[in-house]
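Everything in the sequence shown is counted per UniProt numbering, starting at 1 for the first residue and increasing by one. Ideal Cβ positions, reconstructed from N, Cα and C, are used throughout, including at glycine.
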Amino acid sequence: MSERKAINKYYPPDYDPEQAERQVRQLSKKLKTMHRDTVGIRLMTPFSMRCLKCSEYIPKFRKFNGKKELLPERYLDTIKIYRLSIRCPRCNSTISFRTDPNRGDYTMEAGGERNYVRDDARSPHIKPDETTDETLQRLLREEAEAARPADSAGEDRMQELEKRLARLQQEQHDAEEIDRLHRESLERGRRAASLAASIADRRTRAEADAARAEEAFRAAPAHVRPTTAPDPTPAAPAPARKPAGKNPLGVVVRNKKKQRARLAAQHRVPTDSAPADPSA
């Protein structure tokens, strides 16, 4: 019994306790996963998704107890590809997605769909089944584009800025034109409504006047009503007659010439009573 409970143990001179602890942990992990293709891990969803069975929304960065599986295929014959699987928190169905080293993203496999699909603007020509030679050519082409002089890049940016400014100006002009046409149509509608209202008012007044005239005609006595309709054409005026001889009103008409001659005879000076010439 005393030998089993010994207090002295041998430690070699090159013994490192931290390294020994690491080796023990690696060995235990290897023993656990030695005969298993799938490993249980704790992961977070790399993107927002929706379950196809119950339409449950799963946000990004939500934690799950999932499974990681190493696939036999490789990218560029060296990079490993993994399949990650989780369970829907509502219907407990399996949702799986895999890594995509070609685009540096994840690809949905089964059980769900992504709410947002990233549009890689930097490399839109990347193929999902790209070969090694195509990858090398693409990388060389991207390096050549990145090594372009800064002047050409600045010119491209200026051209893009000018195109964007022209597009904004065109949109603003189109909006102003639409507003002007809308205002003109509203003004025409108001004018047409006012004209129709005035025509209706005049028609109503004419009808009211005709009704009042008809009522007045019916209310008048029978001997006052005209037997025949008056002639709308005015009668021609009678020719004026020249007064005969004497004035019928008894007004004495005097001759102005005779009156002037009589007045001149009364004020005429006689010749014998004229004054003598002082020069004689």
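message: I'd like the span of the alpha helix (DSSP H) that includes Arg-22, first residue to last.
response: In the sequence shown, counting from the first residue as 1, residue 22 sits at position 22. Segment 17-32, the alpha helix (DSSP H) holding Arg-22.
message: Whole angstroms are fine: how far does the CA of Phe-217 sit from the CA of residue 360?
response: Missing from the structure shown is residue 360; the chain here goes from 1 to 280 and no further.
- prompt: Hey, how far is the Cα of Glu-155 from the Cα of Glu-162?
  reply: Here the question's residue 155 lines up with position 155 in the sequence shown. Here the question's residue 162 lines up with position 162 in the sequence shown. Cα-Cα distance, rounded: 10 Å.
- request: Might you give, ordered along the chain, the residues of its own chain that have their beta carbon closer than 6 Å to the beta carbon of Arg-122, omitting 5 neighbours on each side?
  value: Against the sequence shown, residue 122 aligns to sequence position 122. Below a pLDDT of 50, predicted positions are generally treated as unreliable, and Arg-122, at 48, falls in that range; the measurement from the model is reported next regardless. There are no such residues.
query: Quick one, are the C-beta atoms of Ser-93 and Lys-53 less than 7 Å apart?
result: Translated into positions along the sequence shown, residue 93 becomes position 93. Translated into positions along the sequence shown, residue 53 becomes position 53. A contact, by the Cβ cut-off of 7 Å.
task: Flag this pair as yes or no: are the beta carbons of Phe-47 and Arg-114 separated by less than 7 Å?
output: By 1-based counting over the sequence shown, the position of residue 47 is 47. By 1-based counting over the sequence shown, the position of residue 114 is 114. Yes; because the gap between Cβ atoms is below 7 Å, this pair is in contact.
- request: Under 8 Å by Cβ, that's how I've got Leu-70 and Lys-63 pegged, so tell me the actual separation to the nearest angstrom.
  value: Taking the sequence shown and counting its residues from 1, one reaches residue 70 at position 70. Taking the sequence shown and counting its residues from 1, one reaches residue 63 at position 63. Between Lys-63 and Leu-70 the Cβ distance is about 22 Å, and since that is not below 8 Å, they are no contact.
- request: Report the three-state DSSP secondary structure of Arg-122 (helix, strand or coil).
  value: Here the question's residue 122 lines up with position 122 in the sequence shown. Residue confidence for Arg-122 is low, a pLDDT of 48 falling below 50, so the modelled location carries little weight; the figure read from the coordinates is stated next. Three-state result, Arg-122: coil.
Between the CA atoms of Glu-18 and Gly-40 - distance to the nearest angstrom: Along the sequence shown, one-based indexing puts residue 40 at 40. Along the sequence shown, one-based indexing puts residue 18 at 18. Computed Cα separation, rounded: 26 Å.
task: Identify, in the order they occur along the chain, each residue of the same chain with its Cβ nearer than 7 Å to the Cβ of Lys-258, setting aside the five sequence neighbours on each side.
output: The residue you call residue 258 lines up with position 258 of the sequence shown. Hits under 7 Å: none found.
For Ser-48, the three-state DSSP class (helix, strand or coil): Within the sequence shown, the letter at position 48 stands for residue 48. Note: Ser-48 maps to coil in three-state DSSP.
message: Can you tell me whether Ile-7 is buried or exposed? The criterion is at least 16 other CB atoms within 10 Å of its CB, across all chains shown.
response: Stepping through the sequence shown from its first residue, residue 7 is reached at position 7. So Ile-7 ends up on the exposed side.
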